[in-house]
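Peer 1: Under our numbering, read the sequence shown as residues 241 to 557, first letter to last.
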Amino acid sequence: MATPSSPSSAEYTSFFQSLIPEESIGAKKIQIDEFTRKHAQNNTRVVLVTSGGTTVPLESRTVRFLDNFSIGTRGATSAEYFLKQGYAVVFMHRHRSLQPFCQRVDRNILDVLTVTEGPETVITVSPSHVKDLAPVVKDYHKYRDQGMLLMVEFTTLTDYLLLLREAAQSINNLGCHGAIYLAAAVSDFYIPPEQMPEHKIQSSEGPRHLHLEMTPKMLKPLVKEWAPKAFVISFKLETDTSLLVDKAKKALDTYHHQVVVANLLETRKTEVVIVTRNSEETLKLSDSDVLSGREIESPLVSRLVEFHHQWISQNLK
Ligand code: 9Z3
């Protein structure tokens, strides 16, 4: 089995040159730059939140692709708590994955709406749902009207990588007031463009063997080159508890960023470990927390914001 390599700076450059950018990347970059510039002028802290999974196309005119489990709950929920803590948020998410606030509106919204026809048609929310819906609608409009939330989308691994580079460079302009929260579940494997068939693979040709290359680890250029001034939080996902914290520490040693949030697939909604170079803290929801609707992202984001504040004070000394 191939082991993850550690490419040189020149290898990263040639890897990026081999990727074919989506058409809208330039427009997205302009939007992110404008957003970060505006918030830098107001001294607002800005966090880039990545969220959702990436697809790995099997054909360049893509009919089939590989995907993963992530639907973006962690990213969408965390973005809401960062907004509540006064951060402006660049929400870089997988197309059609969960979005802040919208994720809380039941997909069966039509069941709770009634239409009354008249000179003016009126839509009413059933009284039993008003209590739940009102705070969500209020928050959504508040942050949208204040221009605190910028939504940018990606779909494929390539879209994600190219957009991450642009967004991270833009966050770097905020100095230590910028933060990057890498919650997206990014594929470790991909098919290079030159090895991908153009057209739909024909099943008439029989069984297919796929050869997947390793995706270079983006934390290295992100921390060293794209956003060396930003406060960087990465995530480590495992299914084996015995590996989790050691792998998180190893990531900190290798990439020299500030925090790794370690989580296990099965318990990720109720338990996380915040690992820094000098500390290791477990946050865990109790059964009664879960019953009362408390979310792990609430204490997680609060604690990360404290770490970010400490780091800002150290950097501004
Ligand atoms: C995470 O670990 C996220 O917490 C989840 C959230 C993807 C588990 P959901 O979308 O899931 O709320 O259902 N994200 C990062 C996972 C990852 O790929 N990390 C890389 C690694 O572990 C390094 S950045 O090697």
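All C-beta atoms in this analysis are idealised placements derived from N, C-alpha and C, irrespective of residue type, glycine included. Just so it is clear, the structure is predicted and the values come from calculations on it, not from any experiment.
Consult DSSP for P359 and reduce its assignment to one of helix, strand or coil.
Peer 2: Three-state result, P359: coil.
Peer 1: Where does D351 land, buried or exposed, given buried means 16+ other C-beta within 10 angstroms?
Peer 2: Per the 10 Å Cβ criterion, exposed.
Peer 1: Whose C-beta lies closer than 7 Å to the C-beta of Y430 among residues of the same chain, with five residues either side of it excluded?
Peer 2: These residues qualify, in order along the chain: V296, L397, L452, E453 and T455.
Peer 1: If you drop the 5 nearest sequence neighbours on each side, which residues of the same chain put their C-beta closer than 6 Å to that of Q498?
Peer 2: Excluding sequence neighbours, Q498 sits near F471 and V472.
Peer 1: Looking only at its own chain, which residues have a Cβ that is under 6 Å from the Cβ of A488, when we skip the five neighbours before and after it?
Peer 2: Here the set comprises K476, V500, A502 and V515.
Peer 1: Figure out for me which residue from S528, E251, M436 and V513 has the closest Cα to the Cα of S300.
Peer 2: Here the closest residue by C-alpha is M436.
Peer 1: Measuring CA to CA, which of L298, L323, K324 and C342 is closest to G312?
Peer 2: Here the closest residue by C-alpha is C342.
Peer 1: Report the residue ranges of all beta strand (DSSP E) runs contained in full by the stretch 363–443; include only those spanning at least 3 residues, in chain order.
Peer 2: If we require 3 residues or more, the beta strand (DSSP E) runs fully inside the stretch 363–443 come out as 389–394 and 418–422.
Peer 1: Comparing C-alpha positions only, which one of R336, K324, T361 and H369 sits nearest to V345?
Peer 2: Looking at the Cα atoms, H369 is the closest of the given residues.
Peer 1: Assign D372 to buried or exposed, taking buried as 16 or more other Cβ atoms, counted over all protein chains shown, within 10 Å of its Cβ.
Peer 2: Counting Cβ neighbours within 10 Å, D372 comes out exposed, since fewer than 16 surround it.
Peer 1: Given that a residue counts as buried once 16 or more other Cβ atoms are within 10 Å of its Cβ, and exposed if not, what is A419?
Peer 2: Buried is the call here.
Peer 1: Could you tell me whether the Cβ atoms of L401 and M458 are closer together than 9 Å?
Peer 2: Yes.
Peer 1: Using DSSP bridges, identify the partner residues of V499.
Peer 2: For V499, which the question treats as bridged, DSSP gives the partners I473.
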